[in-house]
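To start, the structure under review is shown below, and the notes come after it.
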Amino acid sequence: MTAATPESIAQAAAIIRAGGLVGFPTETVYGLGANALNAEAVRTIFAAKGRPGDNPLIVHVSRVEEILPLIRGDIPAAARRLMDAYWPGPMTLIFPKSDLIPDAVSAGLDTVGIRLPSHETARALIAESHCPIAAPSANRSGRPSPTTAQHVLDDMDGRIPMILDGGPCSVGVESTVIDVTGDVPRVLRPGGVTPQMIADVMGAVEVDGAVMRPLKEGEKPRSPGMKYRHYAPEGDLVIFTGDAQTVADVICDHYDHAGGSAAILALPGHEALYGDRHVIELGRTDSPESVAAGLFAALRRLDDENVKYIFSEAIDAEGVGLAVMNRLGRAAAFHIVPV
Ligand code: TXA
Ligand code: MG
């Protein structure tokens with residue numbers, strides 16, 4: 006790990022230009038970057054992560070103008086309004102792709118997801134590399150996304166030449182992925198830009214049904230990422246919804262009968278409801294933003310501690326809470342129990 010400084014960013018940019026991989030911070034999660042226009046370099050991302058080849062990568066730019074050569078046709082009016090409102094920031098828009106985008110990036114689709122991140126280090130790295138950077142989250146496939154440079158090192162040590170350390174990510178869940186090719190913008194993956202924020206600018210928004218449930222048999226996902234279980238803890242994770250005291254009573258009962266190592270994922274301020282049982286806090290304050298920022302670190306702890314049974318509180322799927330419940334729900338294979 007190398008602290009992000011002008012010198013280390015220049016060094017990282019040289020690696021990208023030479024076709025290598027760099028772990029770097031963004032405001033959402035850490036990315037594993039390569040020159041998006043170099044198919045050979047992009048293929049090494051899939052190898053380092055162990056990622057299925059049919060899951061496309063997001064392309065990151067440092068300025069809005071840089072997207073023009075990457076997309077086919079003009080920027081749709083709807084996309085322009087969202088870009089004006091929420092770029093730079095945690096939002097990825099799907100565009101028809103130009104021939105400059107290698108198939109390795111788009112995984113054979115005729116579209117490409119593009120994002121202009123707000124993190125200064127990410128933007129400086131892209132600008133100095135003089136190319137767009139394709140970057141998935143810098144975890145090994147099947148692990149929670151990394152929100153610190155240490156998480157990247159834990160997953161990628163020995164697999165990549167450099168990790169830029171820019172401190173913990175402020176948003177903590179991956180960007181909102183929005184399909185803007187239809188009449189109404191459609192959220193394919195919830196994130197820091199919430200449905201309400203999209204509706205504020207566009208007047209309407211749709212959230213894809215597969216955001217809060219598993220895909221149905223034979224259902225074709227609108228985003229390939231929906232097909233994959235993503236992170237699932239080694240232990241058995243169940244989420245309980247309802248009023249705090251009832252949820253706590255039910256969780257305590259399950260915990261006491263678990264007969265193996267168990268942990269409780271609980272909101273800050275709720276520890277007292279669980280006595281001396283093993284509680285991992287979801288965030289530092291009882292706000293959806295704080296829960297989002299701490300979520301993946303909490304999930305990584307479960308595996309570090311070899312927990313067998315995990316009982317989790319839920320948060321309201323409102324605002325960035327929708328992104329939290331999407332990630333937590335998927336980690337639990339949507340095993341969500343109302344009490
Ligand atoms: O916040 C983020 O978006 C982070 C940071 C590094 O920028 N990146 C990230 O990338 O989360 P990744 O590869 O872990 O997730 C990309 C998601 C996948 O679910 C993928 O299926 C979807 O975006 N995606 C990418 N291109 C797409 C496209 N053309 N159409 C539909 N979905 C797409
Ligand atoms: Mg990912």
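If you want the numbering used here, it's the 1-based position in the sequence shown plus 5. Ideal placement from N, C-alpha and C gives every residue a C-beta, glycine not left out. Owing to the predicted nature of the structure, the values given are computational and were not obtained by experimental measurement.
message = What does the Cβ neighbour count give for residue 170, buried or exposed, with the cut at 16 atoms within 10 Å?
response = buried
key: Contact between the region 235–245 and the region 137–153 (3+ Cβ pairs under 8 Å)   = yes
ask   = Taking the alpha helix (DSSP H) that residue 106 falls in, what are its first and last residues?
value = Careful: residue 106 lies outside any alpha helix (DSSP H) and carries neither H nor E.
task = Return the residue from the list 304, 136, 184 that minimises the CA-CA distance to residue 312.
result = 304
Pairwise C-alpha distance: residue 43 and residue 98 = 21 Å
key: Assigned secondary structure, residue 320 (DSSP; H/G/I helix, E/B strand, else coil)   = coil
query = DSSP three-state call for residue 65: helix, strand or coil?
reply = strand
query = In whole angstroms, what is the alpha-carbon distance linking residue 139 and residue 41?
reply = 5 Å
key: Pairwise C-alpha distance: residue 32 and residue 320   = 22 Å
task = Starting from the C-beta of residue 86, find all residues in its chain whose C-beta is less than 6 Å away, skip the five residues before and the five after it, and write them out in chain order.
result = 206
query = Comparing the CB of residue 30 with every heavy atom of ligand 1, is any distance shorter than 7 Å?
reply = no
key: Unbroken stretches of the alpha helix (DSSP H), 4 residues or longer, contained in the region 35–105   = 44–54, 82–91
task = Could you check how far apart the C-beta atoms of residue 327 and residue 195 are, in whole angstroms? I think they sit under 8 Å.
result = 4 Å
inquiry  = DSSP three-state label for residue 142, please.
reply    = strand
task = Quick one: using the 10 Å Cβ neighbour count with 16 as the cut-off for buried, is residue 122 buried or exposed?
result = buried
query = Who are the Cβ neighbours of residue 336 in its own chain at under 7 Å, not counting the five residues just before and after it?
reply = 236, 237, 238, 242, 304
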